[in-house]
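Everything on this sheet refers to the single structure shown next.
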Amino acid sequence: MKAFSAPSKALLAGGYLVLDANYSSFVIALSARMGATIDSDSTGPTNTIFVQSPQFEGKWSYTYKDGVLSSLGKRNPFIESTMEAVFAFLSPSTFHCINITIYSDPEYHSQEDTVVRFSRNGRKFLFHEKDISKVPKTGLGSSAGLVTVLTTALLAEFSKIDLESMTDLKTIHNLAQIAHCKAQGKIGSGFDVASATFGSIVYRRFDPMLIDGVAFEQHQIKDVVLQDWRMVAEKCALPGGIKLLMGDVMGGSETPKLVSKVLQWRRDKPEESYELWKKLDEANMSLIESLNQLATSSNYTDLLHFMSLHSANSITKLNNNSRNFLESKPLLNVINSFQHIRKQLRIMGEKTGADIEPPSQTQLLNECSDIPGVFGGVVPGAGGFDAICLLVVRSAIDDIIQTTKKNPAFDSVTWLDLEEESEGVQEENVQSYLFAE
């Protein structure tokens, strides 16, 4: 038996621009992971795959014969598309029965109506009383994580893969992108699958025409998977002492509807949209650059300490000639970058009619600007009511959370216990996914 996992994600900078290959985005991989164990059984029926998700009491069964995958009961488009893509790529003939078990860390879903269980080595999991279709998600990219980790597990079962090899990681990524797009019925930006594969990255998308209309046939899928996709997925990381703090707002957003409104606006008003996206891109790149400048400041530790004691709003109000202002300029650059990003996203929301940063989220993020230790934040990804994403001084987190507990504006916010992950898909200790009987 082998076990693998893929991380969750937050799109810190690059909302909507991530759809266009002309722009780069900043994607942070997070510690909530989708996991999968895989094992073959020589006593079971050949060319049969059993998949289960014990946390949601989900079970799916498939057979593969003469290049055709057949479902034996309940269906799951993400599992099916992944198997079809991998089997088309590998074209196995006869194989032993395969058992796959899927797990997700607690942060992916609402934690109501759950039972806590710990694996043999102490990893915490939540087992849900409701069907998976009735459990709200927190927007961390569970489907992308599932497809990526399942792709990895299947490739490892049928071939030797090296997760330190960029060539093998690109194969995993390309197959997972094809499967994920097929399951969703559209070709998205792909940043979620890219982050699940490679970890925290500066990302620039692949040309969607690469995989448009790709059939699950060996000669065609191999040609596509093994060619150079000319995408950018450069490893990156937040500076030490700075952390991403995600808050689940227990709202609900329909990302496809938000995206369709923005894309319609781009078609209807190309000049207006180009100018706005140019300003948004400048703000995004400014954030990445200002974080790099802050991290390389000679007095970096002192700056973080100063930030932990002061709010973003108080720093922006410092007298321009004061010593504190001059010394805190690197902090101010990060703070201003967040403000510029939010301003452009709000303008886009007004122009398109999409709830990119709805008033309720604006209120929350504005409140955060008055809390010491918070550089700023955004509504991650496509926006909406799902979550807020803050960049904070790590040492100030406990004080930040305590401050929000005293403020009724944050009554609907649940802070998620997440860390940045530098690595993407990885092999795991099997004991993390086994439970005492």
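For the sequence shown, the working numbering assigns the number 63 to the initial residue and increments by one for each residue that follows.
A virtual CB, placed ideally from N, CA and C, is assigned to each residue, including glycine.
| query | result |
| --- | --- |
| Proximity of M96 and S257 at Cβ, strictly below 8 Å | no |
| Secondary structure of R404, DSSP reduced to three states | helix |
| Residue from L338, A345, Q406 and L478 whose Cα sits closest to the Cα of D167 | L478 |
| Distance, S195 Cα to E119 Cα | 12 Å |
| Contact set for I100: own chain, Cβ-Cβ below 6 Å, skip 5 residues either direction | K64, I162, A215 and E219 |
| Boundaries of the beta strand (DSSP E) in which H190 is found, first to last residue | K186 to H190 |
| Span of the alpha helix (DSSP H) around F472 | No alpha helix (DSSP H) contains F472, which DSSP labels as neither H nor E. |
| 3-residue-minimum beta strand (DSSP E) runs that sit fully inside the region 392–473, ordered along the chain | 436–440 and 449–455 |
| Helix, strand or coil at V287 [DSSP, three-state] | helix |
| Assigned secondary structure, H367 (DSSP; H/G/I helix, E/B strand, else coil) | helix |
| Simplified DSSP assignment, three categories, for R95 | strand |
| Run of the alpha helix (DSSP H) containing C243, from where it starts to where it stops | M228 to Q246 |
| Spatially closest choice to F157 from T378, D128 and E174, by CA coordinates | D128 |
| Euclidean distance between Cα positions of F278 and S322 | 27 Å |
| DSSP state of N375 mapped onto helix, strand, coil | helix |
| Inter-stretch contact (C-beta, 8 Å, three-pair minimum) for the region 265–280 and the region 80–95 | yes |
| Sequence ranges, beta strand (DSSP E) only - wholly within the region 129–184, length at least 3 | 130–133, 159–166 and 176–180 |
| Touch test, the region 460–473 against the region 228–246, Cβ-Cβ under 8 Å, three pairs minimum | no |
| Separation of Q406 from K340, as counted between CA atoms | 10 Å |
| C-alpha distance - G486 paired with M347, whole-angstrom precision | 23 Å |
| Other residues of its chain near N491: CB distance less than 8 Å, five sequence neighbours each side excluded | A65 and N183 |
| Spatial neighbours of T476 in its chain, beta-carbon cut-off 6 Å, leaving aside the 5 residues before and after | D310 |
| Beta-carbon spacing of K71, D254 below 8 Å | yes |
| Euclidean distance between Cα positions of L320 and G445 | 8 Å |
| Alpha-carbon spacing of S422 relative to D473, whole angstroms | 12 Å |
| Rounded Cβ spacing between S373 and P301 (contact assumed at less than 8 Å) | No, S373 and P301 are not in contact; Cβ-Cβ is about 20 Å, not under 8 Å. |
| Collapsed DSSP secondary structure at D193 in the structure displayed | coil |
| Own chain partners of L74 with C-beta closer than 6 Å, once the 5 adjacent residues on each side are dropped | F88 and I90 |
| Nearest-angstrom Cβ-Cβ length linking S262 and S484, presumed shorter than 8 Å | 6 Å |
| Nearest neighbour of T125, chosen from Q117, F112, V396 and P116 [CA to CA] | F112 |
| Through-space distance from E389 to E186, alpha-carbon basis | The sequence as given places Lys at residue 186; Glu does not occur at that position. Whole-angstrom Cα-Cα distance: 43 Å. |
| C-beta contact flag for V294 and V286 at 8 Å | no |
| Own chain residues within Cβ distance below 7 Å of D274, not counting five before or after | I249 |
| Neighbourhood of T176 by C-beta, 6 Å cutoff - its chain only, sequence neighbours within 5 removed | L188 and H190 |
| Separation of M228 from L272, as counted between CA atoms | 20 Å |
| Stretch pair the region 346–362 + the region 408–425: three plus CB contacts closer than 8 Å | no |
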